Amino acid sequence: MGAAPQASPDQRVAEFRKTFSRAEQEVGRVIVGHQDVIRKLLTALFSGGHILIEGVPGLGKTLMCKAAADTLGLSFKRIQFTPDLMPSDIIGTQVLTESDGHREFQFKPGPIFAHVVLGDEINRATPKTQSAVLEAMEEHQVTVFGLTYRLDPPYIVLATQNPIELEGTYPLPEAQMDRFLFKVVMGSPKPEELREILARTTGTRAHQIEAIFKPATAAHEIEALKGLVREVMVAEPLERYIIAVIGACTPGGPGAIPEVSQYLRFGPSPRGAQAIILSAKVNALLAGRVSVSYEDIDDAVVPCLRHRLLRNFQAEAENVSTESILEQVHKRLKRPRA
Amino acid sequence: MPNPVEILGRARNRIARVAAIRAGAYALAPAIVAVILALGLTPIGQATWMRWGYILAPERAAMLREILLAIAAGALAAGGIFAIRAHRRALDFVAAAQRVDDAMRAHEEILTFAALADPDLAESQKTARSPLFPLLWRHAIGLLERFDPIKTFPLAIGRPLARSSMIAGALAAVMIIAAMGLVRPPTREQAIANRLREIAREIEATSNDPTDRAIAGEARAAADALENRSLPPLQKEKKLKQAMRDIKQQKKQSESGNKKGAGAGAGSQATKGNGKGQSQGSDKGTGTGPGGKDKSSQPGSGSGKSQQGKNSGSNNQQGKQGKQSKDSSAELQKELAKAQAQVETDAKNSPKPDAKKPGDDTKPGNAPKSGGNPDKSGTTPNPDSARPGSVPTASANVHKNVPPTGGAQAGAKDFGSNQGDTHLGETPAAANYQRYLKPGEKGAALDIHDARYVMFRLPNAAVIGAGGKTVIDSNRPTASTAYVNAPLKETTDQSAPDERQLVPPRYRDLIH
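Residue numbers (this note's numbering), protein chains in the order written: chain A, 1 to 338; chain B, 339 to 850.
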């Protein structure tokens with residue numbers, strides 16, 4: 001399986017859609033419901049971004065991430081973030097080893113060296129530890145004692161955080177939040193879904209995930225598909241639309257709506273626009289198109305920007321969410337004419 | 339295989355044309371309405387004159403017409419400019435593709451294709467296209483195969499026309515209101531001039547005779563001279579006299595021709611033949627004389643020598659027309675006489691540059707002339723009465739039974755009748771004289787010599803109640819609280835300005 005470089009554009013697009021669809025199905029065999037979260041997770045993976053999943057404990061966040069990694073045949077590591085977790089626990093450290101009578105420091109890679117890294121309850125670690133993953137997320141490399149180690153592509157960090165029990169937690173700094181492509185919120189399962197969860201997890205029947213790619217070629221295949229995503233075309237009017245969205249969400253920016261100026265301290269960074277375009281491209285491919293449409297962009301705006309908007313005190317006091325502000329922006333923003 | 343770039347190019351041209359026409363259509367309705375109003379000012383002026391006795395002065399009508407034509411020209415020019423601008427703006431390839439995309443619901447595939455395949459795009463940008471561009475090209479072909487620019491972008495100018503109609507309606511309303519504001523009751527001269535023109539029109543409508551046409555032309559010229567403000571009254575008078583002379587001369591010529599033409603066909607009532615019939619008799623040489631006779635009492639019974647009874651019906655018709663023409667001529671002369679009298683009056687009343695100029699008040703022209711009055715015999719011979727047997731005939735207005743109008747109604751139409759108008763517009767206006775006398779008071783005797791009627795107003799009878807006793811009206815409205823004009827207490831505040839406080843008046847007594 002996999003698209004050969006010489007394959008025609010039609011075949012490559014068809015291969016992408018097939019792979020994506022199979023991955024959704026495989027993860028869906030383990031996770032009941034949450035189809036939109038699964039889709040966003042895979043979108044982030046094929047876009048080359050990271051994803052922050054927010055939800056109460058017990059919804060299957062960890063299981064979903066592991067299932068996605070297993071489906072795609074990628075290596076998976078899990079880090080449970082705690083207040084006493086040190087950066088070296090994540091990145092790795094130099095260990096003094098002795099071989100042939102010589103003692104030398106040898107780098108012992110941490111759990112961050114994997115294709116899929118799950119940072120569970122990332123907001124429970126100290127900012128120092130949280131920032132240890134900044135370089136890995138953005139540069140796909142880590143530096144230990146002056147030595148830089150590359151992280152094998154594809155590389156994706158899936159972080160979860162618990163919206164309750166905030167005591168003793170350290171909210172992620174803006175700089176780190178900005179590095180996540182998406183922030184998705186997992187809601188509680190519906191009654192039918194809960195019944196299915198009970199049937200699957202309390203019986204003897206166990207679902208086995210079938211890997212789409214072989215571990216040896218998975219990275220190469222996925223990188224090829226990621227390359228296809230980058231080839232999707234975006235017309236200039238649509239780029240201007242995305243810029244208008246960013247401007248409308250920035251307090252004091254061009255075309256900022258009154259709600260934005262009233263409730264936000266800061267708007268999205270250029271990474272927000274990049275995130276919108278990349279996820280819109282994946283959406284276009286999934287629709288069988290090779291060019292982005294306005295619908296693709298609209299679908300990507302909320303998960304891409306909701307964690308990049310910094311609310312002010314008034315918004316928190318009045319319990320105005322970033323989602324509601326983005327909804328207002330979407331309502332008021334007109335699509336630019338060519 | 340269709341070329342999507344060419345299809346989009348055709349769509350772009352179509353969109354540009356439609357945009358230009360739509361933009362131009364906004365100016366169409368106002369321009370048309372302005373032109374129609376400009377052309378309709380004369381009929382509007384005539385209608386106001388005919389219906390309400392008001393006229394739209396020619397110079398004002400000309401000014402309005404110029405404004406309307408300027409508006410029409412401006413609207414057309416603006417429409418043209420808007421159309422050119424709209425056409426230029428709509429010639430954008432990508433913008434046209436976006437409209438096609440919206441129409442075809444192509445999810446921005448056509449838009450993206452156009453953005454990357456724009457003919458105006460630099461070659462370097464074309465070569466940097468995505469490897470997926472061929473697939474986009476095929477998608478665009480598939481979408482544009484069923485695309486028809488004419489059906490997709492129809493020439494729908496209903497909305498622009500509807501909108502511009504509102505502007506046109508507003509324009510029409512404003513201009514009509516302006517025209518209504520500009521109409522005025524005519525002056526005596528204008529009324530006479532209008533009447534002269536009406537008569538000229540009547541003559542032209544009822545006769546094809548060149549003599550009658552010439553008479554109508556004279557009447558028009560006289561009307562123009564009468565309304566010409568730059569013309570001094572003396573010159574106006576001269577022109578009017580000249581017109582009267584010309585008309586009389588032409589009538590005499592016409593009558594002499596008639597007599598020759600009537601020949602043996604004229605019976606005992608030949609002199610009753612009207613001008614029209616006589617003129618035609620004169621021209622044709624024979625046969626039409628009895629036409630007048632036919633009209634008078636024996637329709638169709640007589641015949642000319644040459645006609646041999648074949649055209650008795652037409653003779654009758656011609657006789658009627660001739661009768662109308664004669665009436666018109668008589669009216670024309672009467673109106674000319676009125677006009678002359680009016681001009682003479684104006685000349686008399688107008689301030690003279692040199693009051694001591696000898697001979698001004700001794701000019702015979704200043705006195706009212708009786709020539710234009712059909713009820714009096716004047717020094718000017720009436721052409722009709724000069725002829726033997728020219729009994730004054732009942733005019734076309736006799737059946738209207740319109741009473742003669744007085745000088746007080748000088749502004750209104752007074753041409754409904756040609757009888758009894760002996761004042762030449764100089765009837766003294768009634769004075770609004772009122773006098774009130776208290777009971778028992780005697781004033782000076784009222785001179786009611788010229789009064790048409792006297793109205794006495796008696797005071798109302800005094801109301802007497804309760805048999806002479808004083809009655810207190812308990813129902814009369816009374817104030818609930820006694821009204822006292824109490825001035826505010828004078829206070830002097832010696833404190834510093836910052837310490838002063840404004841105290842409401844009702845608390846001042848309590849504080850001090």
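Here a beta-carbon is modelled for each residue, glycine too, at the ideal position from N, C-alpha and C. Values in this document were obtained by computation on a predicted structure and should not be read as measured data.
Within 7 Å of the CB of L346 (chain B), no CB atom of chain A is found; the nearest one sits about 12 Å away. Just so you know, the alpha carbons of I514 (chain B) and I374 (chain B) end up roughly 12 Å apart. The three-state secondary structure of A275 (chain A), taken from DSSP, is helix. The C-beta of H425 (chain B) comes no closer than 7 Å to any C-beta of chain A.
Looking at the backbone, the Cα of T322 (chain A) and that of A315 (chain A) are separated by about 9 Å. Shown in chain order are the members of the stretch 466 to 482 of chain B whose Cβ falls below 9 Å from a Cβ of chain A: R467, S468, P469, L470, F471, P472, L473, L474, R476 and H477. With a threshold of 16 other beta carbon atoms within 10 Å, P83 (chain A) falls short and is exposed. Here the alpha carbon of R437 (chain B) sits roughly 12 Å from the alpha carbon of H445 (chain B). For Q130 (chain A), the enclosing alpha helix (DSSP H) starts and ends at P127 to Q130. Here the alpha carbon of L74 (chain A) sits roughly 23 Å from the alpha carbon of N283 (chain A). For A159 (chain A), the enclosing beta strand (DSSP E) has its first and last residue at I156 to Q161. Interface annotation, L449 (chain B): in contact with chain A, CB-CB separation under 7 Å. Taking 7 Å as the upper bound on Cβ-Cβ separation, chain A lies near no residue of the stretch 395 to 409 of chain B. Annotated three-state conformation of R497 (chain B) is helix, per DSSP.
Contact check for D178 (chain A) and R271 (chain A): beta-carbon distance about 5 Å, within the 8 Å limit, so the pair qualifies. With a 10 Å radius around the Cβ and a threshold of 16 neighbouring Cβ atoms, E779 (chain B) comes out exposed. With fewer than 16 neighbouring CB atoms inside 10 Å of its own CB, R103 (chain A) falls in the exposed class. For the pair of segments examined, the stretch 103 to 112 of chain A was found to touch the stretch 76 to 95 of chain A: the number of CB pairs separated by less than 8 Å reaches three. Rounded to whole angstroms, R426 (chain B) and A224 (chain A) show a C-alpha spacing of 45 Å. Note that the C-beta distance between I553 (chain B) and Q588 (chain B) is below 7 Å. Sequence-distant Cβ neighbours of N162 (chain A) in its own chain, meaning closer than 7 Å and more than five residues away, are V56, P57 and E121. Per the Cβ contact rule, the stretch 400 to 416 of chain B is not in contact with the stretch 342 to 356 of chain B (fewer than 3 Cβ pairs under 8 Å). Straight through space, the alpha carbons of A517 (chain B) and A416 (chain B) are spaced by roughly 25 Å. Taking A69 (chain A) as reference, the option from A:G203, A:P215, A:S188 and A:Q176 with the minimal CA-CA separation is A:P215.
With a cut-off of 8 Å on Cβ pairs, the stretch 242 to 254 of chain A is not in contact with the stretch 141 to 156 of chain A, counting fewer than three such pairs. The beta carbon of I31 (chain A) sits closer than 6 Å to those of G60 and M64, all from its chain and outside the five residues before and after it, given in chain order. Taking a C-beta distance under 7 Å as the contact criterion, C304 (chain A) and I276 (chain A) qualify as a contact pair.
Between the alpha carbons of K226 (chain A) and V432 (chain B) lies a gap of roughly 29 Å.
In the structure shown, the three-state DSSP call for Y392 (chain B) is coil. Contiguous alpha helix (DSSP H) elements confined to the stretch 484 to 558 of chain B occur at 487 to 490, 496 to 520 and 526 to 544, taking only those with 4 or more residues. Neighbours of V232 (chain A) across chain B, judged by C-beta separation under 9 Å: S468 and L470. Here the C-alpha atom of A668 (chain B) lies approximately 18 Å from the C-alpha atom of N546 (chain B). By alpha-carbon distance to V371 (chain B), the top candidate from B:V343, B:A400, B:R348 and B:A411 is B:A411. A direct Cα-to-Cα measurement between P342 (chain B) and G362 (chain B) gives close to 30 Å.
Using a C-beta cut-off of 8 Å, the stretch 562 to 579 of chain B makes no contact with the stretch 537 to 544 of chain B, since fewer than three inter-stretch Cβ pairs fall below that distance. Contact between the stretch 282 to 300 of chain A and the stretch 248 to 260 of chain A is absent, with fewer than three C-beta pairs closer than 8 Å.
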